[in-house]
Structures are given as structure tokens and as C-alpha cells.
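Novice:
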Amino acid sequence: MRKRAAVLCGAAVVVAGTFTAVPADASAPQSAPPASAAGLTWKKCGTADYPTLQCASLKVPLDHANPRGRQITLALSRVPHTAKKYQGPLLVNPGGPGGSGLTFAGFIASGLPKAVAAQYDVIGFDPRGVGASKPALNCKPGFFNPVRPDSVPSTPAIEKANLERAKSFAAACGRKYASVLPYIDTISAVQDMDSIRRALGAKRINYFGYSYGTYLGAVYAKLFPHQVRRLVLDSIVDPTGVWYDDNLGQDYAFNDRHRALMAWIAKYDATYKLGTDPEKIEAKWYAMRAALAKKPAGGKVGASELEDTYIPGGYYNGYWPYLAEAFAAYVNSKNADPLIDAYENFGAVDASGDNGYSIYASVQCRDASWPRDWRQWQKDNWAVYEKAPFMAWSNAWYNAPCAFWPTGSLKPVNIANGKLPPALLFQATNDAATPYEGGVTVHRLLAGSSLVVEEGGGNHGITLSGNTCLDKYLATYLTDGKVPRGGGEADAVCTALPDPKPLTAKAASTSSRGAALHRLLGARS
């Protein structure tokens, strides 16, 4: 996980004609869905941004092995197709685990070319336990309220305080949801997806997932290969490291992205006046962290909250100008107000965030085994911290409830698959949340898949956020099922969008597709 991608000189940029068509049955238009499939009743639930959204609910078994047992409710959304050529349902998922997918359907439908989106029923859903689905889990409301203990366990007292927090969260989940937790996992969510397929009256589904949603889609494809028509995975989880090793691998990648932010700030010394040496700027950031550990800004932003504020910059460089301004104001003017604002905008966790984290922990802790001996966590995370301190211990405590989780664990799914139509994969070379090697691994494991790489890109979630090169491959695939074929590690390469510029009044007031996407993507994966 630690290795960065080499320059993809062996991956030819694909030119016209170097495409592989899918089998005829996978590219053929679908029959229109029944007017009322399996009892689904669609009602208008449009928003100002997505006025054509419709919503419905679906009962599914809590335990799919006991279909006549306790039922739970999934919340669904839809942007219905409008074209004569109908290509079936396109299920979409923003990741997490724990991300809500209801408005995400609107985002995807509005981001695709109109002629493409019109051919699909774009289906969003809140996975079991999430958002509008019932029951919606919230193990310990306010768990992330400030000010929390420093994430770096530099003293036994600090480590004990963080351990007690992790234990208390796991225990609270066990008390409140003892009958539910054994069924909050990826496999159960995948079985729910097939229930959605049946309720839609579809023989096969198309699927488009980001981040954790790539693992969800790959597991669906493994368990239900003949129900997959098209499969798009963007910013790809390494399925061989779920979940303990993947999280350790993230730490190195996020450290690299944080240093990229420091280098970007150095480039604009005339604006931020923090210097031109990235290493010295990084030292100033850690000095700010040490000061906030002693005296939290506004009684809200201590060392751990500062990490919460700057970690989103590792997901999306569109946040860099705001984070740089807050950093500069604190260091140069002793003004903490912009930092507090940045925390409120990027780091603070509300009730929906509490729900998202409850599902994140429930799924990851249940999906795979985690070390139960805290000494293993100490050894591994101190080793990471020595080389990549930015997120090492923050990430460790984020996942630490898994050391004390009240349910047993499942085995990770081997997603290797030779039974699918060609899948289309997207991956940025410098993605921190799902490092590049995950995309290469899944490309190898999904026979016949095609990997499109954003060379030099560091954002997490790269399609439908402004890169027209990437989006052309996506639109072609969703239109006719064709994928690019190259001769190297990647099948096609797109150049990353340039990093942002410092804020101007115009830039500060303009929202972008990239910003909209990153507001919708789920919690850390």
C-alpha cells in the first residue's frame, strides 16, 4: 500500500478504435420496468438541486438466511429514465461505509450527459442502518464533540483516555443494537442490493460506486455475477487489505497529500506568507498543532479537531485554499476565527455524521478480523507515525472500536471474477483514501476489466467532477458498453486537473461539481 505509482509510460493513452465491445446481451437495451414493481411506490421527493427525484421504501430481511424473520426498511431514490432507449436501473453508491445515497442519485443523473442519463433509472439507496433507512444506527450521539483527547498517545494518560473512548463506543453499539449488529456488513448490504434489483423488476443491474462503494460493487459482482450488466468503480478499495491493512496504508498516502498541501502553500508565499520551503511550512503546521493541544481555539479546535479539519484536504484539493487561509491567519495574525470556521465546515460531525460513523464502524469491524491485542495496534501505528505522522494516530483511534467490537467477524470476500462483462475502473495515481495500488489490484482480479488512470491526480472520487477526459470514457461505457484497451498497466491515461488557485471573491462564491461530489461522498474508508 505504501508505494506510489510510477509514471505510467507503459500505459498508452487510448486512441479511437482501441475499444472492446461487451457481449451483445450486455449492451442490448432493456425492457421498460413494470409500472409498479414488487410493491414499490414512488413518490415525488425532489429538491432544489435535484427536482426530478422520486423516493420509495423497500422491506428486506434483517437476516437474509431467514427471509421470513424480522424485516428492516431500505430508503430508495430514483431519477427515472426519459429516453425511448432504456438501459435498465443504474444503482449508485457514494461510499463510506455509511454514506447516504438518496441525493447521490440526483448528483449522478445531473452529472452525466443528458442523453446518457436519460437512458437509465438512476437508483440511489441508503444502505441498511443509514440515514432514512430503518433502523438508522447512532451508537453514541456526540461521540466526536470537541475537545477530544490528543490523538497522539504521548503519555499513558492520553492513551488511556482514547482507549476508554473506543471501548465505550463499541460497548454502546452493543447495548443499543445487539440484535442488529451481526447483520450490518458488506455481504448483507449486497444481498439488499439484489432485493432492490428484484423489486425493480430487473434481470440485471448496472452499478456505479465510489470509494467503499467499489468494494460493495465488487462483492455484489462476486456473489451475483449474472445479475451484473455494467460495473463502474471509481477510487478503488484494495480488497486484499480489508480493513486493518488498508487503513495503515492510507496513513502513508495521506501524509504525502498533506505534504502536497504544504508544497502548494509554499508556491503561493505572496498570498499566505508562510515561507517558500515546504518542510519549514510543515514544521509551522505541527507547531500550530502543538499550540492547539495546549490551548484549543475557541474551546473547539484542539489537536484532534485540527486533524479532523485538515484530513478532508487529503480527499479533495478544492479545500486547500480555505485550509491555507486558516493556517496563515492563525500563524501570522494569531487569528483563530478562520480556523474555527474551517473546523465547522470540514471537520465537525453532526447527527448524520454520527450515523455515518456508526455504520462505518459496524461494517468494518464486522467485515473482517481486527487485532484484539492492543499491543499490536501500538506496534503498528507507532511504526507508521515515525514515517507518516499526519494521520497515523487519528486513523488508529477512528478504527479502534474494532479492537473491542461485540460481534464476531466475517471473512473478507475474494472478489476475483471471470464471469463479468467488461468493468470500467477509474483511479488517480496519488489518491490517499484508496491508494493507487488498489485500482491495479482490482484491475487484475476482474478479468476483462479496463483501468482508466488520472495521472498526477490526488483527489478521491474523480469522475463527474470536471475532468472531461475521464468523463468521456464513462459516458461511452454507459452508452454502449465499450471500454478502452491499452498495452500497459492502465488501459487509458488522463491528465489530472490543475491544482486550485488561492481564493478570490469570485472563486470563494462559486461551487463546483468537485465540491458537490465531495460533500456527498461517505465517511473515511
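Numbering (this note's numbering), first residue to last: 24 to 548.
Just so it is clear, CB atoms sit at the ideal spot from N, CA and C, and this is done for glycine as well.
Using CA atoms only, rank isn't needed, just tell me which of T518, L501, L526, L468 is closest to T491.
Specialist: When only C-alpha atoms are compared, the closest one is T518.
Novice: Cα separation between N437 and P262?
Specialist: Distance between the alpha carbons of N437 and P262 is about 7 Å.
Novice: Entirely within the segment 412-455 and at least 3 residues each: give me those beta strand (DSSP E) ranges in chain order.
Specialist: For the segment 412-455, whole beta strand (DSSP E) runs of length 3 or above, ordered along the chain, are 447-451.
Novice: For the beta strand (DSSP E) containing Y230, name the first residue and the last one.
Specialist: Unbroken beta strand (DSSP E) run through Y230: 228-234.
Novice: Among the residues of its own chain, which have a CB less than 8 Å from the CB of A141, if the five just before and after it don't count?
Specialist: Excluding sequence neighbours, A141 sits near H104, T105, A106.
Novice: Inspect the beta-carbon positions of A293 and P301 and report whether they are closer than 9 Å.
Specialist: Taking 9 Å as the Cβ cut-off, A293 and P301 do not qualify as a contacting pair.
Novice: Using beta-carbon positions only, say whether A406 and R280 come within less than 9 Å of one another.
Specialist: No. Outside cutoff.
Novice: Taking Cβ positions, are P117 and A498 nearer each other than 9 Å?
Specialist: Not a contact, by the Cβ cut-off of 9 Å.
Novice: What does V145 pair with, by DSSP beta-bridge criteria?
Specialist: Bridge partners of V145: V102, L113.
Novice: Helix, strand or coil for A293? Go by DSSP, reduced to three states.
Specialist: Helix at A293.
Novice: Quick test of the definition: if touching needs 3 or more C-beta pairs under 8 Å, does the segment 171-180 touch the segment 84-100?
Specialist: Too few Cβ pairs lie closer than 8 Å, so no.
Novice: In the DSSP output, which residue or residues are listed as bridge partners for P84?
Specialist: P84 pairs with Q94.
Novice: Pair every Cβ in the segment 349-356 with every Cβ in the segment 389-407, then say whether three or more of these pairs are closer than 8 Å.
Specialist: These segments do not touch.
Novice: Do you know offhand how far K199's Cα is from A306's?
Specialist: Between K199 and A306, the C-alpha separation is close to 43 Å.
Novice: Can you have a look at H541 and say buried or exposed, based on whether 16 or more other CB atoms are within 10 angstroms of its CB?
Specialist: Looking at its Cβ environment, which holds 16 or more other Cβ atoms inside 10 Å, H541 is buried.
Novice: So for A60, helix, strand or coil by DSSP?
Specialist: With a pLDDT of only 49 at A60, under 50, the local geometry of the prediction cannot be trusted, and the value read off the model is given with reservation. A60: coil per DSSP, three-state reduction.
Novice: Whole angstroms are fine: how far does the CA of G92 sit from the CA of Q77?
Specialist: Computed Cα separation, rounded: 29 Å.
Novice: Which term fits T178, buried or exposed, when burial requires 16 or more other beta carbons within 10 angstroms of its beta carbon?
Specialist: T178 should be labelled exposed.
Novice: Give me the Cβ distance between L256 and L448, rounded to the nearest whole Å; I'm assuming they're in contact under 8 Å.
Specialist: Their Cβ separation, rounded to whole angstroms, is 5 Å, which keeps L256 and L448 in contact under 8 Å.
Novice: Enumerate in chain order the residues of its own chain whose CB-to-CB distance from L114 is below 6 Å, with the five nearest sequence positions on each side excluded.
Specialist: Correct list, in chain order: I146, I228, Y230.
Novice: Does the Cβ-Cβ distance between L329 and L362 come in under 9 Å?
Specialist: Yes.
Novice: Is Y309 close to the ligand GTP? I mean its beta-carbon at under 8 Å from any heavy atom of the ligand.
Specialist: Looking for the ligand GTP in the displayed structure turns up nothing, as the structure carries no ligands at all.
Novice: Please classify H466: is it buried, with 16 or more other beta-carbons within 10 angstroms of its beta-carbon, or exposed?
Specialist: The residue is buried, with at least 16 neighbouring Cβ atoms inside 10 Å.
Novice: Beta-carbon within less than 6 Å of A155's beta-carbon, same chain only, minus the 5 sequence neighbours each way: which residues are those?
Specialist: If we look at A155 and ignore the five residues flanking it on each side, its Cβ neighbours are A98, D149.
Novice: On the three-pair Cβ rule with 8 Å, is the segment 368-378 touching the segment 238-254?
Specialist: Judged by Cβ distances under 8 Å, the segment 368-378 makes no contact with the segment 238-254, as fewer than three pairs qualify.
Novice: Would you kindly check if the distance between the Cβ of A384 and the Cβ of N422 is under 9 Å?
Specialist: Contact flag set, yes.
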